[in-house]
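S.K.: Quick one: structure below, then a few questions.
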Amino acid sequence: MSSSAVARVTRLRDPHAQRTLTCRRVFGAAAAMLDESAGPDVSVPALAQRARIAPSALRTHFPSLDAMFAELYLARVTELPLDVDPTASPRARVSEQLRAVTLVVADEPRLAVACTGALLRNDDAAVAEARTRIAAEVRRRIAAAMGMGAWPEVLETLETLFWGALLQVESGAVSYRVMATRLDTMLALVLPEEN
1 MSSSAVARVT
11 RLRDPHAQRT
21 LTCRRVFGAA
31 AAMLDESAGP
41 DVSVPALAQR
51 ARIAPSALRT
61 HFPSLDAMFA
71 ELYLARVTEL
81 PLDVDPTASP
91 RARVSEQLRA
101 VTLVVADEPR
111 LAVACTGALL
121 RNDDAAVAEA
131 RTRIAAEVRR
141 RIAAAMGMGA
151 WPEVLETLET
161 LFWGALLQVE
171 SGAVSYRVMA
181 TRLDTMLALV
191 LPEEN
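Residue numbers for the sequence shown follow UniProt numbering, so the first one is 1 and each next one is one higher.
Structure representation (structure tokens):
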């Protein structure tokens, strides 16, 4: 039986999906602006214009530019695949995870400086919240790489190695790539190969 009535389509709003799309536009615009400019300066009006949103909407999503860069780093880290080879040694598995997180912005030097600088801010509650979520993701990756039964003290030591490495990179002492290699050396001291 057919009807001449037109079917009504109801569109459901998904605020999370809309926020995700907006964040992706903002993150892409920020990365492009840093890549194209000679300096690390990104302003709210310029970023909003580049991302095609109102400055007030940008401030609604991100209370500060540092919060936006911290969230951008978080997005990059959480988008990394979490594949753990069960046949590899714990050291090799942890190395793979920490190397991936360490190098997530290594090929974008200006973005790396902006993200790392933002993550080290201690006067911005939104940055602190993003940093907490990044720390949880780093811990999740280390725990997955270590496997069941890993001592909490070992997990904490490995996390401290990662955050110390990030601080050294921010200080300009070493590059991300050099630090990834140094992390391998540090891991060899903390996690001896199994026989």
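For glycine and all other residues, C-beta sits at the position ideal for the given N, C-alpha and C.
Nearest to L187 by CA position, among G172, A145, S43 and E170, is which residue?
M.R.: For L187, the nearest C-alpha among the options comes from A145.
S.K.: If the criterion is Cβ atoms closer than 8 Å, does the pair H61 and C115 meet it?
M.R.: No, these two residues do not count as a Cβ contact at 8 Å.
S.K.: According to DSSP, is E129 helix, strand or coil?
M.R.: In this structure, E129 counts as helix in the three-state DSSP scheme.
S.K.: Output yes or no for whether 8 Å exceeds the beta carbon distance between A100 and L80.
M.R.: Yes, the Cβ-Cβ distance between A100 and L80 is below 8 Å.
S.K.: To which residues of the same chain is V94 closer than 7 Å at the C-beta, ignoring the five residues directly before and after it?
M.R.: Hits under 7 Å: I142, A145, M146, L158, L187 and L191.
S.K.: Can you grab the Cα-Cα spacing for the pair T181 / D124, in whole Å?
M.R.: Each residue's Cα considered, the two are about 31 Å apart.
S.K.: Alpha carbons only, please: which of L82, P152, G117 and R25 is nearest the one belonging to A54?
M.R.: Out of L82, P152, G117 and R25, R25 has the C-alpha closest to the C-alpha of A54.
S.K.: Closest to A30 by CA distance: which of Q18, A17, R19 and P45 is it?
M.R.: Of the listed residues, the one whose Cα sits closest to A30 is P45.
S.K.: So, are the CB atoms of L103 and R177 less than 8 Å apart?
M.R.: Yes, these two residues count as a Cβ contact at 8 Å.
S.K.: In terms of residues, what are the limits of the alpha helix (DSSP H) holding S56?
M.R.: Where S56 is concerned, the enclosing alpha helix (DSSP H) stretches over P55 to H61.
S.K.: Whose C-beta lies closer than 6 Å to the C-beta of V174 among residues of the same chain, with five residues either side of it excluded?
M.R.: Taken in chain order, the residues that qualify are Q168.
S.K.: Grouping DSSP H, G and I as helix and E and B as strand, with all else coil, what is T87?
M.R.: Here T87 sits in coil by DSSP.
S.K.: Can you give me the C-alpha to C-alpha distance between L34 and M179, rounded to a whole angstrom?
M.R.: Computed Cα separation, rounded: 23 Å.
S.K.: How about A75 and R131: do their beta carbons lie closer than 8 Å?
M.R.: Taking 8 Å as the Cβ cut-off, A75 and R131 do not qualify as a contacting pair.
S.K.: DSSP three-state label for M148, please.
M.R.: In this structure, M148 counts as coil in the three-state DSSP scheme.
S.K.: How big is the Cα-Cα spacing for V86 and A92?
M.R.: It should be pointed out that residue 86 corresponds to Pro in this sequence rather than to Val. Distance between the alpha carbons of P86 and A92: 10 Å.
S.K.: CB-CB under 6 Å to V105, same chain, minus the five flanking residues each way: which ones, in chain order?
M.R.: Excluding residues within five positions, the ones whose Cβ falls inside 6 Å are L111, A112 and C115.
S.K.: Distance, Cα to Cα, E96 vs L82?
M.R.: Looking at the two C-alpha atoms, the distance is approximately 10 Å.
S.K.: Between which two residues does the alpha helix (DSSP H) holding D124 run?
M.R.: Premise fails: D124 is in no alpha helix (DSSP H) and is neither H nor E.
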